[in-house]
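Worksheet for the structure shown next.
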Amino acid sequence: MGRTQTDSEAIGASLVDPRCFGIIFERHYDAVHGYLQRRLDENLADELAAQTFLVAFDSRSRFDRGRSDSRPWLFGIATNLAHNHRRHEVVELRAIAAMAPENGAWIDGIEARVDAERMRSLLAEALADLPSEEADVLGLLVWAELSQTEIADALAIPIGTVKSRLSRARGRLQSALGLLSSANPPTANPTFPGGK
Amino acid sequence: MDELTVMRSFRAERVRPNPAARAAAWQALEARFAAPPAAGAAAIATPVRRRRLLPRRRRLLAFAGASAVAAAVAGVLVLSSGPTAQPAAAEILHETAVAAATDTPAAIPGPGQFLFTKFKRLELEGWIPGGPSPEENAPGQVQGGTMSRSDAFNGLVPTTQEWWTAEDGAGRVREVAGTPRFLTAEERQRWEAAGSPLPAPFDPTYQQRFPLAFSHTLELGRGVVDREASAMKGFHFPDTSSLPTDPEALRLAVESNQISVSGFNLMYPSAQRLDAEQTAAELFNILQEGNPMRPELRAALFNALAELPGIEVDTDASDLLGRHGYAISLLEPDTGVGSEYIFDPDTSEILAQRDFISEAGRNPTLKGLPSGLTIRETAYMDSGVVDSTQETAAEAESGGPVATTDPTYRK
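Chains A and B, in that order, give the protein sequences.
Sequential numbering of the first sequence, starting at 0, is according to numbering that gives the first Met the number 0.
Sequential numbering of the second sequence, starting at 0, is according to numbering that gives the first Met the number 0.
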């Protein structure tokens, strides 16, 4: 048996034989689908995950095969596709936020669950209010588990921009979730949207 | 607990495999792999090739690129220019529909037979002679773009391709490279000084390092790749028999996203309604790839195009082979890339499709390249049903063998 083909090699081979692209699908569909499931409802996630691989296949000649891992490229495509549904994403997040437990609804024995529910609602609201560029960076970091360098690659933005967007987004979330400490102030106006 | 930990658990319960969605996604991708050859009713040769996704927004516009292309054949650039809009687009397209309606239906390969297609392609490519070193794990070739490495060459690479495809997807593919055309005379001189190296797939050294999958090589040499392809699970020629042949009904079906033929409408699967630009693009996709096709459906497609608002036809276009025809261009303002469809108004044949840079500087992957530059052009030459992978459609018609290759690259 030879060594396992890298993503780059598989994509290169697919330029001659398209079926070689099946390796990319097999390796990464579940991760891309999971990322989109975090961001969008189930039907949209299914649809966009399929589209991601169709777009990737059609543009595979432009993949920089100097990079062995195709995940940043694939998540970049998925993120761009999800962008078109940001409004949908925000509506759903606000619906989750609207289901927040009332203040004072603490009941002995289930505080932890209620606390988690409250946190979930606050987070949903904060994510809905994030500028989409910051939501993208955060989603790619946490849900796609990309490194900052990979995020820069995925979104075709400088690493410095990734860092600053991430810093702002985390500041907003900390503020929204009540996790701020005096030693860790937000780096941007937490009263979003639109804080720069 | 920090905000990232909270976020990691957010909607974690949603992440679960969906075998049905996965299977559907795979099926769509597999259909794209197969991108079956379209045998036009009037012997149009449409290659087995990847389907282009439709852009989110396109703008209909006519471009006169043909004369520039013809002029550039002798030079180093292939450019299109324009626009020269024609006011009688609807009339032209309705007349073309009349021609389409008189065609005879294309034959479908039966058991043991093959659909043969032949076409010429000119594609912008970047390549490294012999591919990169094994340690580099870098691309040896980029299609539809250029490479910035100092040891790479960039130019327009012509190929002649012949495909034999059976009903199970098995068959044969033969590709012969021609002499690349370069963006500058200096680039051409540098290439000649380096021994005129061809792109990676046409370089036997590279092929030995990255052998083709799912294939058996019949011939491999400088400028020639000839291989047998194995059967593909799920392969089928597209069936357009359920599409309406009434132009209005067809247009409404496309507009309202009701086309259910596998392989179509992949870009907007959940859209409630396609706009005029998206509808035009989809009608062309069906026209090009929805074969074998009944003459009445071809006619309906042209009639439906004729009724789209804003459509324009350039009556002075010609293709890679110098054939004169009419053209409709769809521009993608977001990407700075346009697609041009060239057809013969007398027969309704699609002669060629060309992708070109419509706005320089818009697309980061095409940085530094001029407006009008061809990214990819495919000129369809011949198609027909044959009985073996050694036979061409011309042979089938004439009863005798003909040359199947024309290796014209410079030594």
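Ideal placement from N, C-alpha and C gives every residue a C-beta, glycine not left out.
Owing to the predicted nature of the structure, the values given are computational and were not obtained by experimental measurement.
Rounded straight-line distance, which links the Cα of SER147(B) to that of GLU413(B): Past the boundaries of the shown model lies residue 413(B); chain B is included only from 0 to 410, so the question cannot be answered.
Alpha carbon to alpha carbon, how far is ALA11(B) from LEU92(A)? Between ALA11(B) and LEU92(A), the C-alpha separation is close to 14 Å.
Between LEU121(B), PRO128(B), MET6(B), LEU114(B), which lies nearest to GLN389(B) when the distance is taken from Cα to Cα? Relative to the Cα of GLN389(B), the nearest Cα in the group LEU121(B), PRO128(B), MET6(B), LEU114(B) belongs to LEU114(B).
Other residues of its chain near LEU249(B): CB distance less than 6 Å, five sequence neighbours each side excluded: PRO243, ALA299, ALA303
By how many angstroms is the C-alpha of THR103(B) removed from the C-alpha of SER357(B)? 36 Å
Nearest to GLU41(A) (by Cα), restricted to the options SER146(A), ALA55(A), HIS87(A), MET118(A): Nearest C-alpha to GLU41(A): HIS87(A).
Does the region 150-161 of chain A come into contact with the region 10-26 of chain B, if we say contact requires no fewer than three beta-carbon pairs (one atom in each stretch) closer than 8 Å? no
Do ASP68(A) and SER7(A) have their C-beta atoms closer together than 9 Å? yes
Any beta-carbon of chain B closer than 9 Å to the one on PHE74(A)? no
Just curious, the beta strand (DSSP E) that LEU121(B) is in, first and last residue? 113-126
Option in LEU140(A), GLN173(A), LEU122(A) with minimal Cα separation from GLY75(A): LEU140(A)
For chain B, find out if any of its Cβ atoms is closer than 9 Å to the Cβ of MET98(A); answer yes or no. no
Residues of chain B with a CB under 9 Å from the CB of GLN36(A): which are they? ARG10, ARG13, VAL14, ARG15, ASN17
Through-space distance from ASP63(A) to GLY177(A), alpha-carbon basis: 42 Å
Got a sec, what are the start and stop residues for the alpha helix (DSSP H) PRO294(B) sits in? 294-305
Is the CB of ARG21(B) under 9 Å away from at least one CB in chain A? It does: the Cβ of ARG21(B) has a partner Cβ on chain A nearer than 9 Å.
Hey, is the region 190-199 of chain B in contact with the region 346-353 of chain B, meaning 3+ C-beta pairs nearer than 8 Å? no
What is the rounded straight-line gap between the Cα of LEU53(B) and the Cα of LEU126(A)? Since pLDDT at LEU53(B) reaches only 30, below the 50 mark, its modelled position is unreliable, and the value read off the structure follows with that caveat. Each residue's alpha carbon lies about 31 Å from the other.
When the Cα of ALA297(B) is compared with those of GLY324(B), GLU348(B), GLU311(B), LEU319(B), which residue comes out closest? Before going further, note that residue 297(B) is Arg rather than Ala in the sequence given. Out of GLY324(B), GLU348(B), GLU311(B), LEU319(B), GLU348(B) has the C-alpha closest to the C-alpha of ARG297(B).
Check GLY65(A) in the structure and name its three-state DSSP category. coil
Which residue spans inside the region 43-89 of chain A form an unbroken alpha helix (DSSP H) run of at least 4? 70-82
When the Cα atoms are used, what is the spatial distance from LEU39(A) to VAL89(A)? 9 Å
Classify ALA326(B) as helix, strand or coil using the three-state DSSP reduction. strand
With a 10 Å radius around its C-beta and 16 neighbouring C-beta atoms as the bar for buried, classify ASN83(A) as buried or exposed. exposed
Which residue comes first and which comes last in the beta strand (DSSP E) that contains PHE355(B)? 349-356
Can a CB atom of chain A be found closer than 9 Å to the CB of GLY337(B)? no
So, with DSSP's three-state summary, where would you put ASN284(B)? helix
Using the beta-carbon of each residue, which ones in chain B are nearer than 8 Å to ASP29(A)? PRO16, ARG21
Return the Cβ separation of GLU174(B) and GLN142(B) in integer angstroms, given the expectation that the two are a contact with Cβ distance under 8 Å. About 13 Å; that fails the 8 Å criterion.
Identify which residue in THR204(B), TYR340(B), ARG31(B), SER8(B) has its Cα closest to the Cα of GLY168(B). Nearest C-alpha to GLY168(B): ARG31(B).
Please report the residue range of the beta strand (DSSP E) in which THR346(B) lies. No beta strand (DSSP E) holds THR346(B); DSSP gives it neither H nor E.
For the region 128-147 of chain A, which residues have a beta carbon sitting closer than 9 Å to at least one beta carbon of chain B? Cβ contacts with chain B come from LEU137, GLY138, LEU140, VAL141, TRP142.
According to DSSP, simplified to helix, strand and coil, what is TRP142(A)? TRP142(A): coil per DSSP, three-state reduction.
For GLN389(B) and chain A, any beta-carbon pair shorter than 9 Å? no
Tell me the DSSP bridge mates of PRO157(B)? Beta-bridge partners assigned by DSSP to PRO157(B): LEU121(B).
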